[in-house]
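Beneath this line is the structure, given in structure tokens, with notes to follow.
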Amino acid sequence: MLSRTADCLYWMARYTERAENTARMLDVNHQTSLLPQPAEFLEQSWKKLLTISKLEEAFLSKYDVINRENVLDFMIYETSNPSSIVSCLFAARENARVIRGKITSEVWETQNTTWLELQRILEARHQADPSRLLEWVKHRCHLFRGVLYGTMLKNEAFYFINVGTLLERADNTARILETKYEDPASLKVLSKNASGGEGTDGKFFDFYHWAALLRSVSAFEIYRQIYSDQVIPKQVAKLLIFNKQMPRSLVCCINELIPLISEVKNQQSKEIERLLGKLKASLDYSDIDEVFEQGLEEFIEGFLKRINHVADEFSSAYLIPLAVA
Amino acid sequence: MKLPFDEMLDAAGKARPHYQIFHNWLKQQSDTLMGLKRAEADLIFRRVGITFAVYGDDLGSERTIPFDQVPRIFTAKEWEQLEAGLRQRVKALNRFIYDVYHDEEIIKAGIVPAEQIYNNAQYRPEMRNVSVPRDIYAQIAGIDIVRAGEGEFYVLEDNLRVPSGVSYMVEDRKMMMRLFPDLFQKYRIAPVEHYPDLLLECLKSVKPDDVKKPNVVLMTPGMYNSAYFEHSYLAQQMGVELVEGKDLFVKNEQVFMRTTQGPERVDVIYRRVDDDFLDPLAFRSDSTLGVAGLLSAHRAGNVTLANAIGTGIADDKSIYPYVPEMIEFYLGEKPILNNVPTFQCRKTDDLAYTLANLDQLVVKLTHGAGGYGMLVGPASTKAEIEEFRTHLIANPDKYIAQPTLALSTCPTFVESGVAPRHIDLRPFVLSGKTIKMVPGGLTRVALKEGSLVVNSSQGGGTKDTWVLEE
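Chains A and B are the protein sequences, given in the same order. With our numbering, you'll find the first sequence wraps up at 325, consecutive numbering, no jumps. With our numbering, you'll find the second sequence wraps up at 1470, consecutive numbering, no jumps.
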């Protein structure tokens, strides 16, 4: 397969996955922002959403205030923001268009129809209900995946698409966990509320805070099912990092990546296999207590560094054309 | 003025025999239904992405080429005549290209003046004495044909560089079958969907001699090219890689593509990139679409380019007037298809005649394409004619003139209902081991009333083209 084709398949998948994860985060934030809560906490939650994708600076060059309307506008529609849903869906479709001959016509038409429907949504964007729009984005991404699994040959093209999806997903889950957990400002708000004699309020925020995090990765019901317990932060982290059955957990993404790389083996893939093997081992022989001893933030930072290293190696082994042999 | 020949209706307004069934069928269809079908076609074309890019617009705005539901129908007999004429013409054109890059017999015989070859920007001295497989230069030819009357066909121009439109021929057929399956039970219509198979067979048959199983690729300028849909469509249908210049490199005069498993040898390139952009070392050095060293690999015979470099010398409008003589010279046959009588403005007499009759003539740039830079005398205002006159006098060598043909019309759905619109035909002729073509071609229609310009860049549409089986 042409390296450039592989590149387009990979990025089509990454952008689609990113659009979905952005929609998930926005949706959860949007839902929880409708609950009664202190204004500063509300602002913090929108701010976190920007820091998660390192977009605070770009946002502030466009808007004066961080509030729901502005952040939704920036994260859904703003074309100068490469992570906005519109930008992601556009990039996914452009990549698909280049290699439409390498995907089934069903996959292509799914991407193309998403884009065409989005045009109509954009025309009426001021009447658009954010929840419905975000729901639609998730549905389109689910559909993309379903059509992919239902129609594509299980060949190289399929593997490159899956590698893109899993690398993006691992990155996104880690980021979600990091910002929800380690933003000192929000922890301060939380602890102030908890210790300031407003026990019920503190609990209330705690619950919605963690429930929101779980919902953003479709894990709220899963959590209840697995732990049959209250929403406890440490257990939430455990689920999202270590649970092998949970499709968006870090460990699950890594476990699924390893066999894909061996399917597309070439002369340069050894290093990727080595990196992924090490990463898997370090997760397999660790547990949530060790992570908390080390500090969750440090752990996540380390994970992000390693998964991005894998992505870099992957792109130089397959996507950036190989040097003349 | 005499009304132009109408494909469906005779002078008395009655349907011609081969259109009879369709005509009756059409009368039974309501305007509402036809309107709905038209909207459905547009929707499908959009969803499937059969569109071309509109240059200069952001965020990928794209247009569909208007598709008209009234087919253009040929009888088996008409097609037989056309096909024989096309085969003959393309054969002679390939012989001509070989000749101008080798023995130059046609120049020595005094048929084509030497300066018409050597001073032509389309002549590629790099190709002198270079052998190409089977001596075929234009593997893919699109010959534009118009009809002026019963049995009266003219070749308007030969397209021997990178002719496009064949994907619309196939997609228009699929669309008609989808929208009106019942018509295909009423008529026996020769199929065209196997074109990609013929194309692949043709491309494989011109592989370099020493290659056993040729690796064929299709080379595109990229997704922002207006014909990108077609490039990607043909590559997919043939099951070959769609490559861009940056996917290829040349080493030791051999061409390779960069793949996820390392370099892979390429043997035949169906290129949809113009000569000028093919190789920055040989032609335009600012080209980012090409492959450095491609010409050297081509010259060494290690890769076949389809079409070969330098075919433009045979489809240039200044060479066009000589094609009938070429046919007699190389094949010893009488031309089956007519040329449109052409005045070469570089000749004093012809220029004088042209200047005196600008309001009657169609004047074209010899290197023009896509309907740009031309004057349609009868359809132009005095001011337009006068403006054109100054261009013509300043650079007579660049122009040719032809009488305004009464192009045939075909009933077409327009806003006011069904009305006659001018059409032409571009059949595609494949030259490999043998000459092959699918019956029919792409019918283009000028949607503006009275307009003779059918190019999609000028608002033209397309129709399905039927060749009836006996």
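Here a beta-carbon is modelled for each residue, glycine too, at the ideal position from N, C-alpha and C. These numbers were taken from a predicted model, which means no experiment stands behind them.
Is E1040(B) close to chain A, meaning its C-beta is less than 8 angstroms from at least one C-beta of that chain? Residue 1040(B) sits at position 40 when you count from the first residue of the second sequence. So no, E1040(B) is outside the interface.
One question on the structure: do M1257(B) and F1096(B) come within less than 8 angstroms of each other, judged by their Cβ atoms? By one-based count along the second sequence, residue 1257(B) stands at place 257. By one-based count along the second sequence, residue 1096(B) stands at place 96. Cβ distance not < 8 angstroms, so M1257(B) and F1096(B) don't count as in contact.
How many Å lie between K1347(B) and A1394(B) at the Cα? Here residue 1347(B) refers to the residue found at position 347 of the second sequence. Here residue 1394(B) refers to the residue found at position 394 of the second sequence. Cα to Cα, the separation comes out at about 14 angstroms.
List, in chain order, every chain D residue whose beta-carbon is nearer than 8 angstroms to that of R100(A). Absent from the structure: chain D. Protein chains present are A and B.
L60(A) beta carbon less than 8 angstroms from that of M25(A): In the first sequence, the residue the question calls residue 25(A) occupies position 25. In the first sequence, the residue the question calls residue 60(A) occupies position 60. Result no, Cβ atoms of M25(A) and L60(A) do not sit closer than 8 angstroms.
Going along the chain, which residues of the stretch 1257-1268 of chain B sit with their C-beta nearer than 8 angstroms to a C-beta in chain A? M1257, R1258, T1259, T1260, Q1261, G1262, P1263
Residues of the stretch 1237-1250 of chain B in Cβ contact with chain A at a cutoff of 8 angstroms, in chain order, please. E1241, L1242, V1243, E1244, K1246, D1247, F1249
Secondary structure at H1422(B), three-state DSSP: helix, strand or coil? The sequence position of residue 1422(B) within the second sequence is 422, counting from 1. Here H1422(B) sits in strand by DSSP.
State buried or exposed for S337(A), treating a residue as buried only when at least 16 other CB atoms are found within 10 Å of its CB. Nothing about residue 337(A) can be read from this structure; chain A reaches only from 1 to 325.
Could you tell me whether the Cβ of Y10(A) comes closer than 8 angstroms to any Cβ of chain B? Position 10 of the first sequence, counting from 1, holds the residue named residue 10(A). False, the Cβ-Cβ gap to chain B never drops below 8 angstroms.
Kindly list the residues whose CB is nearer than 8 angstroms to the CB of L276(A), restricted to its own chain and excluding five residues on each side of it in sequence; keep chain order. The residue labelled residue 276(A) in the question sits at position 276 within the first sequence. If we look at L276(A) and ignore the five residues flanking it on each side, its Cβ neighbours are I254, L257, I258, I261, V310.
Among D1316(B), T1409(B), R1265(B), L1452(B), which has the Cα closest to the Cα of P1004(B)? Here residue 1004(B) corresponds to residue number 4 of the second sequence, with the count starting at 1. Selected option, being the one with the closest Cα: T1409(B).
Looking at G1142(B) and R1426(B), is the spacing between their C-beta atoms short of 8 angstroms? In the second sequence, residue 1426(B) corresponds to position 426, counting from 1. In the second sequence, residue 1142(B) corresponds to position 142, counting from 1. Yes, the Cβ-Cβ distance between R1426(B) and G1142(B) is below 8 angstroms.
Which chain A residues sit within Cβ distance under 9 angstroms of R1272(B)? Taking the first residue of the second sequence as position 1, residue 1272(B) is located at position 272. None at all; the shortest Cβ gap to chain A is about 14 angstroms.
Please decide whether R1046(B) counts as near chain A, where near means a Cβ-Cβ distance under 8 angstroms. Position 46 of the second sequence, counting from 1, holds the residue named residue 1046(B). It does; some Cβ of chain A falls within 8 angstroms.
Is it a yes or a no for the stretch 1317-1332 of chain B touching the stretch 1128-1143 of chain B, going by three-plus beta-carbon pairs under 8 angstroms? no
Since M1223(B) meets chain A, which of its residues come closer than 7 angstroms, beta carbon to beta carbon? The residue given as residue 1223(B) occupies position 223 in the second sequence. Here the neighbours are R97, V98.
Exposure of V1453(B), with buried meaning 16 or more beta-carbon neighbours within 10 Å: In the second sequence, residue 1453(B) corresponds to position 453, counting from 1. Answer is buried; the Cβ neighbour count reaches 16.
Residue environment, S228(A), which counts as buried when at least 16 other CB atoms sit within 10 Å: Stepping through the first sequence from its first residue, residue 228(A) is reached at position 228. Exposed.
Pairwise C-alpha distance: F158(A) and L148(A): On the first sequence, residue 148(A) is found 148 positions in, with the first residue counted as 1. On the first sequence, residue 158(A) is found 158 positions in, with the first residue counted as 1. Distance between the alpha carbons of L148(A) and F158(A) is about 8 angstroms.
8 angstroms Cβ cutoff, T113(A) in contact with chain B: The residue you call residue 113(A) lines up with position 113 of the first sequence. Answer yes: the Cβ-Cβ gap between T113(A) and chain B drops below 8 angstroms somewhere.
Look at the alpha carbon of Y1101(B) and the alpha carbon of V1438(B), and state the distance between them as a whole number of angstroms. The residue given as residue 1101(B) occupies position 101 in the second sequence. The residue given as residue 1438(B) occupies position 438 in the second sequence. Those two C-alpha atoms are separated by around 30 angstroms.
Between the C-alpha atoms of D1057(B) and Y1224(B), what's the straight-line distance to the nearest angstrom? For the purposes of this step, residue 1057(B) is taken as the residue at position 57 of the second sequence. For the purposes of this step, residue 1224(B) is taken as the residue at position 224 of the second sequence. Its pLDDT being 48, under 50, D1057(B) is placed unreliably by the model, and nothing is read from it.
Applying the criterion that 16 or more other CB atoms from any shown protein chain within 10 Å of the CB defines a buried residue, is V65(A) buried or exposed? Here the question's residue 65(A) lines up with position 65 in the first sequence. Looking at its Cβ environment, which holds fewer than 16 other Cβ atoms inside 10 Å, V65(A) is exposed.
Report the rounded CA-to-CA distance for A6(A) versus K305(A), giving the unit in angstroms. Taking the first sequence and counting its residues from 1, the one referred to as residue 6(A) is at position 6. Taking the first sequence and counting its residues from 1, the one referred to as residue 305(A) is at position 305. Distance between the alpha carbons of A6(A) and K305(A): 23 angstroms.
Rounded to the nearest angstrom, what separates K1398(B) and V1362(B) at their Cα positions? Looking up residue 1398(B) in the second sequence gives position 398. Looking up residue 1362(B) in the second sequence gives position 362. Cα to Cα, K1398(B) sits roughly 14 angstroms from V1362(B).
Straight-line CA distance for N1252(B) to Q1122(B)? Translated into positions along the second sequence, residue 1252(B) becomes position 252. Translated into positions along the second sequence, residue 1122(B) becomes position 122. Straight-line Cα distance between these residues: approximately 28 angstroms.
For the 8 angstroms Cβ check, are there 3 or more pairs between the stretch 32-49 of chain A and the stretch 1291-1302 of chain B? no
With a threshold of 7 angstroms on Cβ separation, who are the neighbours of V1130(B) within its own chain once the five nearest residues in sequence on each side are excluded? Residue mapping note: residue 1130(B) aligns to position 130 of the second sequence, counting from 1. Cβ within range, chain order: Y1101, R1299.
So the alpha helix (DSSP H) A1306(B) belongs to, where does it begin and stop? On the second sequence, residue 1306(B) is found 306 positions in, with the first residue counted as 1. No alpha helix (DSSP H) holds A1306(B); the beta strand (DSSP E) holding it covers 1304-1306.
So A6(A) contacts chain B; which residues on that side make the cut at Cβ distance below 9 angstroms? Reading the first sequence from its first residue, position 6 is the one you call residue 6(A). Under the 9 angstroms cutoff, chain B gives T1259, T1260.
Cβ of S315(A) within 8 angstroms of Cβ of T1260(B)? Against the first sequence, residue 315(A) aligns to sequence position 315. Against the second sequence, residue 1260(B) aligns to sequence position 260. No, Cβ-Cβ distance for S315(A) and T1260(B) is not below 8 angstroms.
Going along chain B in order, which residues have a C-beta closer than 8 angstroms to the C-beta of Y342(A)? Look at the range of chain A in this structure, 1 to 325, and you will see that residue 342(A) is not part of it.
Under three-state DSSP, which class holds K62(A)? Sequence index remark: in the first sequence, residue 62(A) carries index 62 (1-based). Coil.
For R140(A), the three-state DSSP class (helix, strand or coil): Translated into the one-based positions of the first sequence, residue 140(A) becomes position 140. DSSP places R140(A) in helix when its eight states are reduced to three.
Give the range of the beta strand (DSSP E) segment to which D1464(B) is assigned. The residue given as residue 1464(B) occupies position 464 in the second sequence. That run of the beta strand (DSSP E) goes 1460-1467.
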